[in-house]
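Colleague: Residue numbers (my numbering): 101 to 239. Next up is a structure, given as C-alpha coordinates.
This is the structure in C-alpha coordinates:
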(Lines of atoms letter the chains of each structure in order from A; the text may use other names.)
(Lines give C-alpha, C1' and ligand atoms only; values in the text may rest on other atoms or scores of the structure.)
Protein backbone atom coordinates (compact mmCIF):
# COMPACT_ATOMS: atom_id res chain seq x y z
CA UNK A 101 0.00 0.00 0.00
CA UNK A 102 1.22 3.49 -0.77
CA UNK A 103 0.07 6.60 1.05
CA UNK A 104 0.77 10.07 -0.30
CA UNK A 105 0.67 12.82 2.32
CA UNK A 106 0.19 16.39 1.11
CA UNK A 107 -0.32 19.64 3.02
CA UNK A 108 -3.53 21.26 1.78
CA UNK A 109 -2.96 24.67 3.38
CA UNK A 110 0.77 24.97 2.79
CA UNK A 111 1.88 23.47 -0.54
CA UNK A 112 5.45 24.59 0.13
CA UNK A 113 5.79 22.51 3.31
CA UNK A 114 9.21 20.93 3.57
CA UNK A 115 9.59 17.16 3.68
CA UNK A 116 11.11 17.10 7.18
CA UNK A 117 7.95 18.73 8.58
CA UNK A 118 6.07 15.58 7.61
CA UNK A 119 8.38 13.22 9.49
CA UNK A 120 6.21 13.26 12.62
CA UNK A 121 3.03 12.73 10.61
CA UNK A 122 4.56 9.87 8.65
CA UNK A 123 5.88 8.23 11.83
CA UNK A 124 2.46 8.44 13.51
CA UNK A 125 0.71 7.06 10.43
CA UNK A 126 3.19 4.21 10.13
CA UNK A 127 2.93 3.20 13.79
CA UNK A 128 -0.88 3.37 13.70
CA UNK A 129 -1.13 1.29 10.53
CA UNK A 130 1.33 -1.33 11.75
CA UNK A 131 -0.30 -1.60 15.19
CA UNK A 132 -3.70 -2.68 13.88
CA UNK A 133 -4.98 -5.78 12.15
CA UNK A 134 -7.09 -4.37 9.36
CA UNK A 135 -10.33 -5.99 8.29
CA UNK A 136 -12.38 -4.77 5.40
CA UNK A 137 -16.07 -4.10 6.06
CA UNK A 138 -18.41 -6.96 5.20
CA UNK A 139 -21.61 -4.97 4.68
CA UNK A 140 -23.23 -5.61 1.31
CA UNK A 141 -24.75 -2.51 -0.25
CA UNK A 142 -27.90 -2.85 -2.28
CA UNK A 143 -28.03 -1.87 -5.92
CA UNK A 144 -30.10 1.32 -6.26
CA UNK A 145 -33.56 0.72 -7.73
CA UNK A 146 -32.86 2.87 -10.80
CA UNK A 147 -29.86 0.70 -11.73
CA UNK A 148 -31.80 -2.58 -11.46
CA UNK A 149 -33.50 -1.76 -14.78
CA UNK A 150 -30.16 -1.90 -16.59
CA UNK A 151 -28.60 -5.24 -15.65
CA UNK A 152 -24.99 -5.58 -16.75
CA UNK A 153 -23.20 -8.91 -16.54
CA UNK A 154 -19.93 -8.86 -14.61
CA UNK A 155 -16.96 -9.59 -16.88
CA UNK A 156 -13.34 -10.02 -15.75
CA UNK A 157 -10.62 -10.13 -18.41
CA UNK A 158 -6.84 -10.38 -18.12
CA UNK A 159 -4.09 -9.23 -20.47
CA UNK A 160 -1.37 -11.50 -21.75
CA UNK A 161 1.36 -11.52 -19.03
CA UNK A 162 4.07 -10.74 -21.58
CA UNK A 163 2.13 -7.89 -23.19
CA UNK A 164 2.61 -5.29 -20.43
CA UNK A 165 5.58 -3.82 -18.60
CA UNK A 166 5.84 -6.14 -15.61
CA UNK A 167 2.14 -6.08 -14.69
CA UNK A 168 -1.03 -7.91 -15.59
CA UNK A 169 -3.91 -5.73 -16.72
CA UNK A 170 -7.25 -6.85 -15.32
CA UNK A 171 -10.39 -5.29 -16.76
CA UNK A 172 -13.62 -5.45 -14.78
CA UNK A 173 -16.92 -4.52 -16.39
CA UNK A 174 -19.92 -4.60 -14.10
CA UNK A 175 -23.08 -2.84 -13.10
CA UNK A 176 -22.13 0.21 -11.09
CA UNK A 177 -23.16 -0.04 -7.46
CA UNK A 178 -22.10 1.19 -4.04
CA UNK A 179 -19.13 -0.80 -2.75
CA UNK A 180 -18.00 -2.13 -6.15
CA UNK A 181 -14.37 -1.12 -5.62
CA UNK A 182 -14.44 -2.50 -2.09
CA UNK A 183 -15.52 -5.90 -3.43
CA UNK A 184 -12.70 -5.85 -6.00
CA UNK A 185 -10.20 -4.87 -3.27
CA UNK A 186 -11.39 -7.74 -1.06
CA UNK A 187 -10.95 -10.19 -3.95
CA UNK A 188 -7.42 -8.94 -4.66
CA UNK A 189 -6.51 -9.12 -0.98
CA UNK A 190 -7.84 -12.64 -0.46
CA UNK A 191 -6.06 -13.93 -3.60
CA UNK A 192 -2.78 -12.29 -2.49
CA UNK A 193 -2.63 -9.95 -5.47
CA UNK A 194 -0.98 -6.54 -5.31
CA UNK A 195 -2.62 -3.52 -6.90
CA UNK A 196 -0.08 -1.33 -8.68
CA UNK A 197 -2.43 1.18 -10.30
CA UNK A 198 -6.05 1.53 -11.38
CA UNK A 199 -8.17 3.53 -13.80
CA UNK A 200 -11.80 3.70 -12.76
CA UNK A 201 -14.61 4.79 -15.03
CA UNK A 202 -18.38 4.88 -14.74
CA UNK A 203 -20.65 5.39 -17.72
CA UNK A 204 -24.23 5.62 -16.53
CA UNK A 205 -25.00 2.29 -14.88
CA UNK A 206 -21.86 0.64 -16.32
CA UNK A 207 -18.55 0.54 -14.46
CA UNK A 208 -15.46 -0.11 -16.58
CA UNK A 209 -12.39 -0.37 -14.38
CA UNK A 210 -8.82 -1.30 -15.27
CA UNK A 211 -6.47 -2.63 -12.60
CA UNK A 212 -2.71 -3.05 -13.01
CA UNK A 213 -1.80 -5.96 -10.77
CA UNK A 214 1.07 -8.28 -9.82
CA UNK A 215 1.55 -11.34 -7.68
CA UNK A 216 3.08 -11.03 -4.20
CA UNK A 217 6.58 -11.13 -5.75
CA UNK A 218 5.86 -8.17 -8.02
CA UNK A 219 5.57 -10.30 -11.16
CA UNK A 220 2.73 -10.48 -13.69
CA UNK A 221 0.08 -13.11 -12.91
CA UNK A 222 1.24 -16.12 -14.90
CA UNK A 223 -0.50 -18.65 -12.64
CA UNK A 224 -3.96 -19.50 -14.04
CA UNK A 225 -5.20 -20.54 -10.58
CA UNK A 226 -4.49 -17.08 -9.19
CA UNK A 227 -6.36 -15.47 -12.08
CA UNK A 228 -9.26 -17.88 -11.58
CA UNK A 229 -9.30 -17.08 -7.86
CA UNK A 230 -9.74 -13.35 -8.35
CA UNK A 231 -12.17 -13.77 -11.24
CA UNK A 232 -14.38 -16.13 -9.24
CA UNK A 233 -14.37 -13.89 -6.18
CA UNK A 234 -15.23 -10.76 -8.18
CA UNK A 235 -18.00 -12.48 -10.15
CA UNK A 236 -19.45 -13.95 -6.93
CA UNK A 237 -19.37 -10.59 -5.13
CA UNK A 238 -20.77 -8.68 -8.13
CA UNK A 239 -23.48 -10.94 -9.61
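Glycine included, C-beta positions come from ideal geometry on N, C-alpha and C. Every value quoted in this text rests on a predicted model; they were computed, and no experiment measured them.
(1) Taking the CB atoms as reference points, tell me whether residue 158 and residue 221 lie closer together than 8 Å.
(2) By the DSSP assignment, the alpha helix (DSSP H) with residue 230 in it spans what residues?
(3) Return the chain-ordered list of same chain residues with a C-beta closer than 8 Å to the C-beta of residue 223, the five sequence neighbours on each side being excluded.
(4) Going by CA-CA distance only, name the one from 183, 203, 122 and 208 that's closest to residue 169.
(5) Give me whichever residues DSSP pairs with residue 200 in a beta bridge.
Modeller: In terms of the structure at hand:
(1) yes
(2) 224-237
(3) 215
(4) 208
(5) 209
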